[in-house]
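Peer 1:
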Amino acid sequence: MPIYRIADLNIEISPKYEKTREILANYITDEKTADFCVEAKQSEIDRLTANGDIDYMVENSIINTLVCGKILDSYDGLFFHSSALMLDGGAYVFSAPSGTGKSTHTALWRKHFGDRVTMINDDKPIIRKKDGVFYVYGTPWMGKSNIGANISAPLKAVFLLERDSKNYAEKVSAGRVFAKLLEATLISRKQDKMLKILELYDEIFSAVDLFSLHCTVSDEAVIAAYNALRK
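With our numbering as the guide, the letters of the sequence shown map in order to residues 2 to 232.
1. With three or more beta-carbon pairs closer than 8 Å as the criterion, would you say the region 174-186 touches the region 131-146?
2. For the candidate residues 82, 222 and 194, whose alpha-carbon lies nearest to that of residue 164?
3. From the DSSP output, which residues share a beta bridge with residue 38?
4. At the level of alpha carbons, what is the spacing between residue 158 and residue 227?
5. Nearest CA to the CA of residue 213: which residue from 161, 174 and 89?
6. Less than 8 Å between the CB atoms is what I'm expecting for residue 92 and residue 155, so what's the real figure, rounded?
7. With DSSP as the reference, label residue 22 as helix, strand or coil.
8. Identify which residue in 45, 215, 200 and 25 has its Cα closest to the Cα of residue 73.
9. Does the Cβ-Cβ distance between residue 210 and residue 113 come in under 9 Å?
10. Report buried or exposed for residue 25, applying the criterion of at least 16 other Cβ atoms within 10 angstroms of its Cβ.
11. How is the beta strand (DSSP E) around residue 136 delimited, first residue to last?
12. Would you call the region 79-89 in contact with the region 113-129, where contact means no fewer than 3 C-beta pairs closer than 8 Å?
13. Kindly indicate which residue of 22, 48, 195 and 87 has the alpha-carbon position closest to the one of residue 116.
14. Can you tell me where the alpha helix (DSSP H) holding residue 194 begins and where it ends?
15. If the criterion is Cβ atoms closer than 9 Å, does the pair residue 6 and residue 21 meet it?
16. Skipping 5 residues on each side, what residues in its chain have a beta carbon closer than 6 Å to that of residue 142?
17. As a quick exercise: from 153, 106 and 18, pick the residue whose alpha carbon is nearest that of residue 129.
18. Output yes or no for whether 9 Å exceeds the beta carbon distance between residue 217 and residue 166.
19. Excluding five sequence neighbours on each side, which residues of the same chain lie with their C-beta closer than 6 Å to the C-beta of residue 11?
20. Would you kindly work out how many angstroms separate the C-alpha atoms of residue 46 and residue 62, rounded to a whole number?
21. Helix, strand or coil, according to DSSP, for residue 78 in the structure here?
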């Protein structure tokens, strides 16, 4: 079976559909040894497509869930529903409920900073600790926009977006916005996984700043966020 390198891990995956292989293609590697294997069982795909869902999309969803679950269990990482970019070599993550405008906001960063910005992933990046440092990794699962790259960068800050009529960012504790953080990453309500997520959050937000970003859809929102980083 082919091996894909995702979040600095070699993962053996055997896609059943050509479209799935295309989605994973940029992450294929020549490595011969896998850290772990995942497979979307045909019976599960058939069960979930019985109501008319598209087969390769179901397969991708299953693979994504299995990969993220394994990384959470054994490799100090979690997926974080967000739009993540790299600016001057550091990763900045912007999370919000679907439809709030996180992709729109990172597009404003690309417009404001130009070539200084590279998109890591516009929907499902992975945050993982490696050698004591938390990195943000691109993944094949990039959402409807299909914007991202097979790159990584050390995590510098996380922003939780909130629509407002004014633009300002305030540093917050993870406990204050805990419900929003769980919405961004929760893949299971099993106690062991919840405990692992809590442990990782404690480590992540002891190492990097967490901001609540009140913003409009404007260049001023980018400036407010960037200025908060420099304080």
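The beta-carbon is built from N, C-alpha and C at its ideal position, and this holds for glycine as well.
Peer 2: Based on what the coordinates show:
1. no
2. 222
3. 13
4. 11 Å
5. 161
6. 6 Å
7. helix
8. 200
9. no
10. buried
11. 134-138
12. yes
13. 87
14. 192-208
15. no
16. 65 and 125
17. 153
18. yes
19. 4, 32, 35 and 36
20. 10 Å
21. strand
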